[in-house]
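Residue numbers (our numbering), protein chains in the order written: chain Z, -15 to 306; chain G, 363 to 556; chain E, 7 to 459. Ideal Cβ positions, reconstructed from N, Cα and C, are used throughout, including at glycine.
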Amino acid sequence: MLKVTIDNIPVEVEDGTTILNAARKIGGNVVPPAMCYYSKLKGSGGKCRTCLVRVAQSSAKDPRPMPKLVASCSTPVQDGMVVQNLTSPEVIEARKGIVEFLLLNHPLDCPVCDQAGECDLQDLSFGYGMEETATEEERREYPVIDIGENIKLHMNRCILCYRCVYVADQLTDQRLHGVLYRGDVSEISTFIQNSVTNEFSGNVIDVCPVGALTDKTFRFKSRVWFLKPMNAHRECGKCSGKVAAWMFGSEIYRITGRKDQYGELETFICNECRFEKKESTDWVMEGPRHIKRQSVISSNHYEEMKEQSIIHPIEGTMEKKE
Amino acid sequence: MENSTIINHPQFKREGKILAFSSDILKKVHSLISRYPDGQQKSALLPVLHIAQEELGGFLSVDIMDYVASLLGIQPIEVYEVATFYSMFYLDKMGKYVIEVCRTGPCAISGGEQILAYLQEVLEVKTGETTPDGIFTLKEVECLGSCGTGPVMQINTEYYEKLTPGKIDKLLEDLREYASKDKTDDSTWVEKFC
Amino acid sequence: MGGKILLANIEIPGIRDFDVYRAHGGYSAVERALREMTASQVSTEVTRSGLRGRGGAGFPTGLKWSFLDRKTEKPRYLVCNADESEPGTFKDRYLMHHLPHLLLEGIIISSYALGVKTSYIYIRGEFKYLVGILEKAIKEACQHGFLGDRILGTDFSLNIYVHPGAGAYICGEETALLESLEGKRGNPRIKPPFPAFKGLYGCPTVVNNVETLATVGPIISMGGEAYAKIGRGKSTGTKLISACGNINNPGVYEIEMGLPAEDFIYSPEYCGGIPNDKYLKAVIPGGSSVPILPADLILNTAKGEKRLMSYESMADGEFESGTMLGSGGFIVYDEDACIVRNTWNLTRFYRHESCGQCSPCREGTGWMEKVLSRIEHGLGKMSDIDLLVHVAKNIEGNTICPLGDAAAWPVASAIRHFRHEFEEHVLHPAEVLEKESRVVKNRRFTIFEGSLK
Ligand SMILES: Cc1cc2nc3c(=O)[nH]c(=O)nc-3n(C[C@H](O)[C@H](O)[C@H](O)COP(=O)(O)O)c2cc1C
Ligand code: SF4
Ligand code: SF4
Ligand code: FES
Ligand code: FES
């Protein structure tokens, strides 16, 4: 076991653990935000750079700090490592910069976006006081397209986290979509008219940290925070059948996988459960879900950050979300 | 050195014609694939795409990319991802001669911008366009690694350096003549690989 | 100054061919290494020579080789980085064009030292004509028993293959290069793991620049210690410098490390000064990615010492008043050059070449390009200049690979040293545009027009 300290809190983890996962072991506000890393997807992480932290001491053997901020999701810990997340003004500054970059080409369409209220980018931008982007540059624009019968792609909103690509690679037998072109014109696409129809393809919707991939079977579009998520299950031959059913009254508006506090699915679910079972009689209801989303706002640490005048929390946002 | 176990011989049709490498070229492709370890035939993707673009019509259409994918035993999307990443692969029909003018810093200070403007003028096209006779496509590229002899351009990967309007006039004239004889003055990728 | 090491025989007619090369002492270093030395003795000589990577970073080659994981059973690879796409750099092309066998010799000796059986030369696709030259040289070396099975009758076997890229500067970054060699998009890998442990096909791999590898032969011939005596301090030996821009004699020069920059610029042996009696305005000495320096700082450091062509002297003053030797792409600007236009041009390059994988570089390069284009075309605001500094700062150090830094430094340094020119563009756009003789009328400058999509 290796000993690490993150924002002055010590923790012991196994060899090979990343800084991010060590922080998740501690929990709460020391956990850096992660927009591209997904623990259940091999190879994910390293791309969005929101999880940057400062390594103040590399290891017990080598007490020097690392010269640059590092991506906590893809940097393994070493024994005696000392890490700063929120305790480093440099990290906060850099992260604000990253949020600014992510918002640069992100449309200001939160009011009409399916993901509003459960969007990692929205949380992050509130948390870092960037809810209004300063940029006057024109944003990239792409048409909204269907990728498959039940999935819509709003490329404008995509932050190119590559998660959906890993899902297709690792969960389905054939990947039909991918990242095309390069630089700031890269895009997620199937390139040719191609319908993504694999049994597990619907999971791309749940792994998408923003509202770029959405569920076309989501009924009577509604702000997510008006809906009540319920744990529900059914006998399913293809997946665990354990889902979250988003209800309004007794009606199911949509089905998603069950997400944990870091926005990650507990298990991936199949398309039949997700897209075809919309009657409450299809499901055995277990009860309401009480998982707090991990976001800077939800962490009760933000008072401290406010003192550093970094965070402008929007009061009550979290209540709305539950 | 053929490694035919991993290769099938798919046939794709375009406009009724069968779209595939000739058996000579296929042999070359096999030998290129055998340069990489077993199971790593995807490594041959870039060289094979170069050959495909050159031999099968000057650009990578979807059916050509699908053909290459099946040749290498990979998924078509893997080829699309790669073909759209690299600037030497064309996804649309190009002129017989693709003129690519370097526009990067060092060339720009030695007159590259004027050369580009001159070409736009004499060919009567903008960057990215093809002349109506289908002979020339004008493009801009980034540094060609020939900055000491700028301004530089490349015509179907042949370098032309220290350009002046006079040189360009002569060159275009020659190329028009070549084009009418259906020749290029450039040797092919297949010939390059021993 | 000093004898030439790499280019000593370059004038000999036909030196590109095996027979001529061999007749002038070629491949004797291979014979010496394979017949008289053990693999570790070869490595030791390279370490002793103090040779540092010529691809840009200047990392000690011997040290890099020592990291190679020798414990696993997996094959090891040596990959020669011939992607040369850094604006201002054209030395590797020159070397391969004239002396392909010098490179092969270096690869053979290095592979012997590293226990490598297969080596790839990753060459940028635009250098198609060089593919033929290299392939021919490889064939010749095979025919004469310097490549293939049991080289010179020893147990050592090696195959070298040429692998063309297809137009992507980022594939010069070593992990992007490996991805590209595996037939993928040129997305740099997230490190760790480093190539020395997990490189090509997940196997231990060393990536070295063309010039670095070409130097290995001469080091074995003359001995590491003798090589280390050439040059200055930790910048040992000679370096190829490709000089371009507003100079009388553009071209590739082999200089001894430590040559004063002033001599390099003005000596008739090298650049031969600035044409038309113009004044020197600025220099980018190490390829477009390194900070630009105004004339006074390229000639003398801030401390008032002579600026020398060496890793240390170029870096003297760090980012405040220094730069880097980089890849040796020496770009000279005379008094007429417009720094704003040049900076915009280079930023457009980085925007075009960003792989788009990580958000600071993907979004930041595009943002800087848009702002600079605005300023250059007379539509800028004063606040745009600070915005550029802000964006550059947020990119720097926060990306997956150094392309982010490479995009940020030219902008940050240009504003640091030539802020008044940016202000001038904002305050008097019409006059500036008028003055700029290089602006071609009626030409639209857009970045992706026809080039990528
Ligand atoms: C964006 C970028 C482009 C690069 N381009 C090249 C290149 O064209 N040629 C090269 O030799 N090294 C290039 N490098 C440096 C390589 O990553 C690597 O450090 C080098 O090949 C190592 O060889 P060396 O130790 O012999 O210098 C580049 C690095 C970056 C970050
Ligand atoms: S569509 Fe969503 S999951 Fe896919 S890359 Fe974009 S943001 Fe990530
Ligand atoms: S810094 Fe730029 S080139 Fe490098 S990985 Fe990130 S996006 Fe790609
Ligand atoms: S979560 Fe670590 S870089 Fe995106
Ligand atoms: S800038 Fe044109 S070849 Fe380098």
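Asked	Found
Measure the C-alpha to C-alpha separation of Thr59 (chain Z) and Cys367 (chain E) and round it to an integer number of angstroms.	20 angstroms
Any residues whose CB sits closer than 6 angstroms to a heavy atom of ligand 7? List them in chain order?	Of the ligands this structure carries, namely ligand 1, ligand 2, ligand 3, ligand 4 and ligand 5, none is ligand 7.
Could you check whether the Cβ of Cys367 (chain E) sits closer than 7 angstroms to any heavy atom belonging to ligand 1?	no
Where Thr181 (chain Z) and Gly132 (chain Z) are concerned, what is the direct C-alpha to C-alpha distance, given to the nearest angstrom?	6 angstroms
Kindly list the residues whose CB is nearer than 7 angstroms to the CB of Gly278 (chain E), restricted to its own chain and excluding five residues on each side of it in sequence; keep chain order.	Ile253, Asn254 and Asn255
Within 10 angstroms of the Cβ of Lys204 (chain E), are there 16 or more other Cβ atoms? Answer buried if so, exposed if not.	buried
Mind checking Ser279 (chain Z): buried by the 16 CB within 10 Å criterion, or exposed?	Note that Ser279 (chain Z) has pLDDT 44, beneath the 50 cutoff, so the model's placement of it is unreliable and the number below is only indicative. Buried, because 16 or more other Cβ atoms sit within 10 Å of the Cβ of Ser279 (chain Z).
For Ala14 (chain E), list the residues DSSP reports as bridge partners.	Looking at the DSSP assignment, Ala14 (chain E) forms no beta bridge with any residue, so it has no partner.
Does Arg449 (chain E) come within less than 8 angstroms of chain G when only Cβ atoms are used?	Note that Arg449 (chain E) scores a pLDDT of 34, beneath 50, so its modelled location is shaky; the value from the coordinates is reported in the next line. Arg449 (chain E) counts as touching chain G.
Is Thr466 (chain G) near ligand 5, with its Cβ less than 7 angstroms from a heavy atom?	yes
Do you know how far the Cα of Gln106 (chain Z) is from the Cα of Ile298 (chain E)?	39 angstroms
Which of helix, strand or coil does DSSP assign to Asp460 (chain E)?	Given a span of 7 to 459 for chain E in the structure shown, any question on residue 460 (chain E) remains unanswerable.
Any heavy atom of ligand 1 within a distance shorter than 7 angstroms of the CB on Thr218 (chain E)?	yes
Considering Cα atoms alone, identify which of Z:Asp(-1), Z:Leu70, Z:Arg242 and Z:Thr265 is closest to Pro272 (chain Z).	Z:Arg242
Could you work out which residues of chain Z lie near Lys376 (chain E), taking near to mean beta carbons separated by less than 7 angstroms?	Glu121
Could you tell me whether the Cβ atoms of Leu219 (chain E) and Arg41 (chain E) are closer together than 8 angstroms?	no
How about Gly264 (chain E) and Gly237 (chain E): are their beta carbons less than 8 angstroms apart?	yes
Below 7 angstroms on C-beta distance, what does Ser58 (chain Z) contact in chain E?	Ile196
What would DSSP say about His139 (chain E), mapped onto helix, strand or coil?	The amino acid occupying residue 139 (chain E) in the given sequence is Ile; His does not appear at that position. DSSP places Ile139 (chain E) in helix when its eight states are reduced to three.
Do we get a CB-CB distance below 8 angstroms when we pair Gln363 (chain E) with the residues of chain C?	The structure shown contains no chain C; its protein chains are Z, G and E.
Extract the residue ranges of the alpha helix (DSSP H) inside the stretch 469 to 527 of chain G, only unbroken runs of 4 or more that lie entirely within it.	474 to 485
Straight-line CA distance for Thr242 (chain E) to Val48 (chain E)?	18 angstroms
Going by alpha carbons, who is nearest to Glu427 (chain E) out of E:Val346, E:Glu341 and E:Thr95?	E:Val346
Looking only at its chain, what residues have a beta carbon closer than 8 angstroms to the beta carbon of His431 (chain E), apart from the 5 residues adjacent to it on each side?	Val346, Ile381, Glu382, Gly384, Gly386 and Val438
With a threshold of 16 other CB atoms inside 10 Å of the CB of Thr44 (chain E), please say whether the residue is buried or exposed.	exposed
Measure from the alpha carbon of Gln154 (chain Z) to the alpha carbon of each residue in Z:Met139, Z:Ser173, Z:Gly12 and Z:Glu183, then state which is nearest.	Z:Glu183
For Phe424 (chain E), does the three-state DSSP call read helix, strand or coil?	helix
Look up Ile290 (chain E) in the DSSP assignment and say whether it is helix, strand or coil.	strand
Using a Cβ-Cβ cut-off of 8 angstroms (strictly less than) and excluding sequence neighbours within five positions of Ile391 (chain E), which residues of its own chain qualify?	Ile381, Ile421, Arg425, Phe428, Glu429 and Val432
Could you check the C-alpha separation between Arg99 (chain E) and Gly507 (chain G) for me, to the nearest Å?	7 angstroms
For the beta strand (DSSP E) containing Lys136 (chain Z), name the first residue and the last one.	Ile135 to Leu137
Give me the Cβ distance between Cys556 (chain G) and Pro513 (chain G), rounded to the nearest whole Å; I'm assuming they're in contact under 8 angstroms.	With a Cβ gap of about 33 angstroms, Cys556 (chain G) and Pro513 (chain G) do not count as contacting.
Of all Cβ atoms in chain E, is any one closer than 8 angstroms to the Cβ of Ile281 (chain Z)?	The predicted model places Ile281 (chain Z) with a pLDDT of 37, which falls under 50 and marks its position as unreliable, so this point remains unresolved.
At a Cβ threshold of 8 angstroms, is Ala249 (chain E) touching chain G?	yes
Going by other Cβ atoms of all chains shown within 10 Å of its Cβ, with 16 needed for buried, is Asp98 (chain Z) buried or exposed?	buried
Only counting the same chain, and skipping five residues up and downstream in sequence, which positions put a Cβ closer than 6 angstroms to that of Ser316 (chain E)?	Arg238, Ser241, Met263 and Gly264
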